[in-house]
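Take a look at the structure below.
Numbering (the numbering used here), first residue to last: 18 to 540.
This is the structure we're talking about:
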């Protein structure tokens, strides 16, 4: 690394380490929220005969998500644009048609394209875990793909005269542009490293994300002149500077799947390292950071003889395996490409509150009560017996069977164990109704919104008013997310279009007669 890269490394890596540690509370909350969303209960923590989960959180989240997606995709156009000035009237159709087309074909290169899946995952993270974060950037993907060309081949008779033409298909392998537009990545909450004391990403002193790439990818980027210093990257034994080595994998990117593997008991951690495979390229962690940095250290005077060592500029830095700067540049867009939406707003900290965190305390008590009720019901159905200690009774005769007999000397030798039916006291029913009502009040998802048949007959106007209350809560969440992250993202997409959209690109707009097309840049 040169002097500039070394200075940038010494500036940004301690910031990353400090912010990683500051976000530990959110990673802990995320792991616990994931357990409640999946209905996971550690059987060793509860001294119950039954340890089932009666999940009330997941259906609530899916109900709200259905309202979100129905509201967003109720028409063909996801995005509507209004003209701000008279000069914008003609350009309004261009911007609207272009953005709708790009959202429709978003991430098509992944075979899971379209904005629907991207928006679903973004909104789902916000609603479930309190925060949804996407990263937007321009992506141009070129691949060698087959192209079929119809070639006319003349046909000749015996005298050499042309008697006709025959068309044959020729298959050629050519480099083709498969994707050339904005691309969105829904980031894992645990791999996004903000300064949690700020609400606005653009105002943070620095912000980071960490992701995993293969050595082959790094080599290809270096061959294109994008990355450098790849020979200095420590390929093995680098560990994780943020401390995620406790997961057993030794890198911070392992946080994305460590908890799920622990819950599902799906794979051993060592199976994911591919260290025993000579045919697999090793994986490394890349820290991508955005923050203020002094490129030119020449001091300048601001008045009264006070000098400042250089002017701060927005920088983008890539650090490979926590040891080597492979890229540093100035941010030409002047905006950080991260956009966040939140569910229930935390008034001071970055990480907001999701439905899972809001309801998991009640979910815990609901599970405990329901498991105890199940245990009580089963003991009522399958009663235990009290047997005198000194009675000479064959234990096999105590096992229930049709027309079975228990020989006893006295009737008091064997007696049923009387179990009180707690269901008769209505305690369970009252607590269940109380928990349900509390969850509904917190989330705004009432029985009428879930399609549940009401317990009593209501007039149509009453049902409609109750539904509208829940819909208003859902609309409040969606509109907040719209202004918080979706609209800024669309503005950033237009900035990317201004920089990178190729000449001759078309937009599509729909009117009564059908689809029409026009060029974004006329001339």
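Note that the Cβ used here is the ideal one computed from N, Cα and C, for glycine as well.
In the DSSP assignment, the residues bridged to residue 231 are 300.
Judged by DSSP in its simplified three-state form, residue 92 adopts coil rather than helix or strand. In the three-state reduction of the DSSP assignment, residue 467 falls in the coil class, being assigned neither a helical nor a strand state.
Per DSSP, residue 423 has no beta bridge partner at all. Going by beta carbons, residue 21 and residue 336 fall outside the 8 Å limit.
Counting along the chain, residue 162 sits inside the beta strand (DSSP E) bounded by residues 148-173. In the structure shown, residue 538 adopts coil according to DSSP, grouped into three states. Each of 351, 476, 191, 51 was checked against the Cα of residue 75, and the nearest Cα belongs to 51. With a 10 Å radius around the Cβ and a threshold of 16 neighbouring Cβ atoms, residue 160 comes out exposed. Contact between residue 222 and residue 308 holds, since their C-beta atoms are separated by about 6 Å, short of 8 Å. Residue 211 is classed as buried because its beta carbon has at least 16 other beta carbons within 10 Å across all chains shown. Within the DSSP bridge table, the entry for residue 184 names 169 as partners. The secondary-structure analysis by DSSP pairs residue 482 with nothing; it has no beta-bridge partner.
Here residue 511 has 112 as same chain residues with Cβ atoms under 7 Å from its own Cβ, once five neighbours each way along the sequence are excluded. The beta-carbon separation of residue 433 and residue 402, rounded to 6 Å, stays under the 8 Å limit for a contact. Residue 90 and residue 229 have their C-alpha atoms roughly 33 Å apart. Two segments are said to touch when three or more pairs of C-beta atoms, one from each, lie closer than 8 Å; by this definition the stretch 139-158 touches the stretch 195-206. By the criterion of at least three beta-carbon pairs nearer than 8 Å, the stretch 232-244 is in contact with the stretch 343-351.
DSSP places residue 106 outside any beta strand (DSSP E); the residue lies instead in the alpha helix (DSSP H), whose first and last residues are 106-121. When secondary structure is reduced to three states using DSSP, residue 395 falls in the helix class. With a contact defined as Cβ atoms closer than 8 Å, residue 491 and residue 145 miss out at about 15 Å.
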